[in-house]
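Chemist: Handing you a structure now.
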Amino acid sequence: MKKNLVALMIAAATMAGCSSTGSSEVTSAAERGLDTETLLATNTKPFIAASEIPQGDAEGLKSQLLNLKDGDELIIPVGQYEDLGQFDITASNVTIKAEEAGKAWLTGLVQINLRGNNIKLEGVVFTDGGPAERMGGIIFRGNDNQLVNSTFYYFNDRYAYEPDDRRSEYPKTLWIAMYGKNNQLVNNTFEGKHKRGTLIGVQKAKGDETADHHLIKGNLFYNQKHNQYNEFDIAEAKRYNSNSWEAIRLGDSKSSIYPSETTIEGNLFLQSDGETELISLKSAGNVVRNNTLIDNASMISLRHGVNNTVENNVILGNGKRFSGGIRLYDAGHVIRNNYIERVMGTGDVRGGIAINTGITDVANGETLSQDVKGKELNKQATPYNVTIENNSIIDSRQNFLYSDKRHRVSLYDNSKVTTVFAGTDVTFRNNISYAGVSNSLALKGNDSIAALVNPTYDNDIYYGPVTGTELHGKVCCIATLNLPQRRMVC
Numbered sequence: 331m332k333k334n335l336v337a338l339m340i341a342a343a344t345m346a347g348c349s350s351t352g353s354s355e356v357t358s359a360a361e362r363g364l365d366t367e368t369l370l371a372t373n374t375k376p377f378i379a380a381s382e383i384p385q386g387d388a389e390g391l392k393s394q395l396l397n398l399k400d401g402d403e404l405i406i407p408v409g410q411y412e413d414l415g416q417f418d419i420t421a422s423n424v425t426i427k428a429e430e431a432g433k434a435w436l437t438g439l440v441q442i443n444l445r446g447n448n449i450k451l452e453g454v455v456f457t458d459g460g461p462a463e464r465m466g467g468i469i470f471r472g473n474d475n476q477l478v479n480s481t482f483y484y485f486n487d488r489y490a491y492e493p494d495d496r497r498s499e500y501p502k503t504l505w506i507a508m509y510g511k512n513n514q515l516v517n518n519t520f521e522g523k524h525k526r527g528t529l530i531g532v533q534k535a536k537g538d539e540t541a542d543h544h545l546i547k548g549n550l551f552y553n554q555k556h557n558q559y560n561e562f563d564i565a566e567a568k569r570y571n572s573n574s575w576e577a578i579r580l581g582d583s584k585s586s587i588y589p590s591e592t593t594i595e596g597n598l599f600l601q602s603d604g605e606t607e608l609i610s611l612k613s614a615g616n617v618v619r620n621n622t623l624i625d626n627a628s629m630i631s632l633r634h635g636v637n638n639t640v641e642n643n644v645i646l647g648n649g650k651r652f653s654g655g656i657r658l659y660d661a662g663h664v665i666r667n668n669y670i671e672r673v674m675g676t677g678d679v680r681g682g683i684a685i686n687t688g689i690t691d692v693a694n695g696e697t698l699s700q701d702v703k704g705k706e707l708n709k710q711a712t713p714y715n716v717t718i719e720n721n722s723i724i725d726s727r728q729n730f731l732y733s734d735k736r737h738r739v740s741l742y743d744n745s746k747v748t749t750v751f752a753g754t755d756v757t758f759r760n761n762i763s764y765a766g767v768s769n770s771l772a773l774k775g776n777d778s779i780a781a782l783v784n785p786t787y788d789n790d791i792y793y794g795p796v797t798g799t800e801l802h803g804k805v806c807c808i809a810t811l812n813l814p815q816r817r818m819v820c
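According to my numbering, the sequence shown is numbered sequentially starting from 331.
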């Protein structure tokens, strides 16, 4: 479905060409079957009421889990198993499987630490409770482990959730933490995360500098919301309480200089509105491809780390406020063959593709370092040596954004840094930016504050208003609505 969708949409945009200065009409998402309701109807598991699931023997199940031996298979009977608490599974080469998928419920407080290797957990549901400890309901500690065809459903309850006394900060509680190597999340559903904390966090153990090679594939993410418990009501704490609501985070700032080489592939994200960052890359060498993102007030964010690839994704904002496409910092990335339409984010962070400013002088070889005050790894690395090619961005508020953002000193210090640097040595090739409706910009920049340094353009097409910057180089066609069009030789 996805390849045909992209082909049709690009054909429609390019057929309009650069010969018209009129506005286009936007076909609604529902008419195309690309709204949340339509996609949920074909991508969700059957609903099972709690009344249909009897109470199970929680004590007996926990005993079986704790006594698993290498090579065992455990079938979990239909039932609700309450308050299993924190425990480890140390056996390897084991399968733990629901007798009937979706009818083995782990409720109350639970945290399963998968410390063995080659463990497969299949068909279980985490609901009517929450993680027994803030790192999640499941923690992958070993290698080659899998969570398959399982569900986390409104798993937000029973754990302590109050602002602390130090600075009125709410706790950050994950649903899943992934350590170890070669672990997989495949064909699961994650619905209704409504409290602060990343849904899935890929972590590194202390001292680990090696690649992770995890796979997150074929999952549904739906209805992630912030501020459902009035976390933003504390004005002086709103800035940091509105942080750490990502659906997926690969790494963190301190480990961002190391590779993760994790793949996020073929997932569906619907109405995931946790924060600006939906998928947050904070490590190197990752691939985000073939995902579909619809109706999300959030973006794919290359926040820390180098040499990441974002390709073949479909992102439809459907006119939703705060929706966005892809934003980037740091070096060596490839952003290619993505289709982005009707994302409505404005300002200096959100856009179809947003090239942020950084605080490192990359032209003179400066990088972030924990050893340099003010340039620590949690700061903003200037985009450098990035390739952006074969993308189509259609009728968004800011199809391309060359940001002029001046950054805060830290998450907890609202003062601003004195100097920022614009993206450097960015290559644009074979992109289409089509802004054919009102309140849409083909490109927004601010050359007076942060002009891109040494950008190159090869066979790009820009249709619609361009503001705050000049396009240079080999641009195929520039047309400005309501003004005579300008052409450059390709």
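Yeah, the Cβ is synthetic: ideal placement off N, Cα and C, and Gly gets one too. No experiment lies behind these values; they were computed from the predicted model shown.
With H, G and I counted as helix, E and B as strand and the rest as coil, what does DSSP make of N694?
Modeler: Of the three classes helix, strand and coil, the one that applies to N694 here is helix, per DSSP.
Chemist: Hey, which unbroken runs of the beta strand (DSSP E) at 3 residues or more fall wholly within the segment 469 to 519?
Modeler: Segments of the beta strand (DSSP E) lying fully in the segment 469 to 519: 476 to 478, 481 to 483, 506 to 508, 514 to 516.
Chemist: Can you tell me whether DSSP reads A772 as helix, strand or coil?
Modeler: Note: A772 maps to strand in three-state DSSP.
Chemist: Between which residues of its own chain and D418 is the CB-CB distance below 6 Å, once the five residues before and five after are set aside?
Modeler: Correct list, in chain order: N443, R445.
Chemist: In whole angstroms, give me the CA-to-CA distance for L773 and Q710.
Modeler: If you take the alpha carbons of L773 and Q710, they lie about 23 Å apart.
Chemist: I need the DSSP call for R569, collapsed to helix, strand or coil.
Modeler: In this structure, R569 counts as helix in the three-state DSSP scheme.
Chemist: Whole angstroms are fine: how far does the CA of F758 sit from the CA of N789?
Modeler: Their Cα atoms are separated by approximately 8 Å.
Chemist: If we ignore side chains and look at the alpha-carbon of each, how far apart do S653 and G581 end up?
Modeler: Cα to Cα, the separation comes out at about 24 Å.
Chemist: Looking at the structure shown, is E463 part of a helix, part of a strand, or coil, going by DSSP?
Modeler: Note: E463 maps to coil in three-state DSSP.
Chemist: Measuring CB atoms only, is the segment 719 to 736 touching the segment 681 to 697, in the sense that at least three cross pairs come out at less than 8 Å?
Modeler: Touching, per the Cβ criterion.
Chemist: Would DSSP call S381 helix, strand or coil?
Modeler: Looking at S381 - three-state DSSP - the assignment turns out to be helix.
Chemist: Within 10 angstroms of its Cβ, does F520 collect 16 or more other Cβ (buried), or is it exposed?
Modeler: Buried, because 16 or more other Cβ atoms sit within 10 Å of the Cβ of F520.
Chemist: Using a Cβ-Cβ cut-off of 6 Å (strictly less than) and excluding sequence neighbours within five positions of V424, which residues of its own chain qualify?
Modeler: These residues qualify, in order along the chain: L398, D402, I449.
Chemist: Over the uninterrupted alpha helix (DSSP H) stretch that includes K392, give me the two end residues.
Modeler: Where K392 is concerned, the enclosing alpha helix (DSSP H) stretches over 388 to 396.
Chemist: Once you ignore the five residues that flank V664 on each side, which residues in its own chain have a CB closer than 6 Å to its CB?
Modeler: T639, T717, listed in sequence order.
Chemist: Where does L741 fall in DSSP's three states?
Modeler: Of the three classes helix, strand and coil, the one that applies to L741 here is coil, per DSSP.
Chemist: Please confirm if the segment 474 to 488 is in contact with the segment 452 to 465, defined as three or more CB-CB distances below 8 Å between the two stretches.
Modeler: Yes, they touch.
Chemist: Taking the C-alpha atoms as reference points, what is the distance between T351 and R727?
Modeler: Annotation note: pLDDT 41 at T351 (below 50); position unreliable, coordinate value reported separately. Approximately 18 Å, taken between the alpha carbons.
Chemist: Considering only residues of the segment 599 to 645, which uninterrupted beta strand (DSSP E) runs meet the minimum length of 3 residues and lie entirely inside it, listed in chain order?
Modeler: Counting only runs of 3 or more, we get 607 to 612, 617 to 619, 622 to 624, 629 to 634, 639 to 641.
Chemist: Tell me whether V440 counts as near the ligand FAD, meaning its Cβ is closer than 7 Å to at least one heavy atom of that ligand.
Modeler: Among the ligands in the structure shown, none appear at all, so the ligand FAD cannot be discussed.
Chemist: Checking the sheet assignment: what are the DSSP bridge partners for G581?
Modeler: G581 pairs with K612.
Chemist: Mapping DSSP to helix, strand and coil, what is D701?
Modeler: DSSP places D701 in coil when its eight states are reduced to three.
Chemist: Quick one: what does DSSP say L370 is sitting in, helix, strand or coil?
Modeler: Helix.
Chemist: Let me make sure I understand the geometry here. Which of N447, G438, Y669 has the alpha-carbon closest to that of G460?
Modeler: For G460, the nearest C-alpha among the options comes from G438.
Chemist: For E800, I'd like the list of residues in its chain whose CB is within less than 6 Å of its CB, leaving aside the five on either flank, ordered along the chain.
Modeler: Closer than 6 Å at the Cβ level, and outside the excluded window around E800, lies no residue.
Chemist: Under a Cβ-count criterion, where at least 16 other Cβ atoms within 10 Å of its own Cβ denotes burial, should T749 be classed as buried or exposed?
Modeler: T749 is exposed by the Cβ-count criterion.
Chemist: Quick one: measure Cβ to Cβ for G432 and K375, integer angstroms, because I've assumed they're closer than 8 Å.
Modeler: So it is a contact: roughly 6 Å between Cβ atoms.
Chemist: Using a Cβ-Cβ cutoff of less than 6 Å, which residues in the same chain neighbour R680 once the five nearest sequence positions on both sides are dropped?
Modeler: Same-chain partners within the cutoff: G654.
Chemist: Could you tell me the alpha carbon to alpha carbon distance between D743 and P493, rounded to whole angstroms?
Modeler: In a straight line, the C-alpha of D743 is about 19 Å away from that of P493.
Chemist: I believe L600 touches Y552 by the beta-carbon criterion, under 8 Å. Please report the beta-carbon distance rounded to the nearest angstrom.
Modeler: Confirmed, about 5 Å.
Chemist: Taking 8 Å as the threshold (C-beta atoms), are D701 and A908 in contact?
Modeler: With the chain covering 331 to 820 only, the question about residue 908 has no answer from this structure.
Chemist: Run through DSSP, which three-state label would V424 get?
Modeler: In this structure, V424 counts as strand in the three-state DSSP scheme.
Chemist: Note down the Cα distance separating D495 from N694, rounded to an integer number of angstroms.
Modeler: Their backbone Cα atoms lie some 43 Å apart in a straight line.
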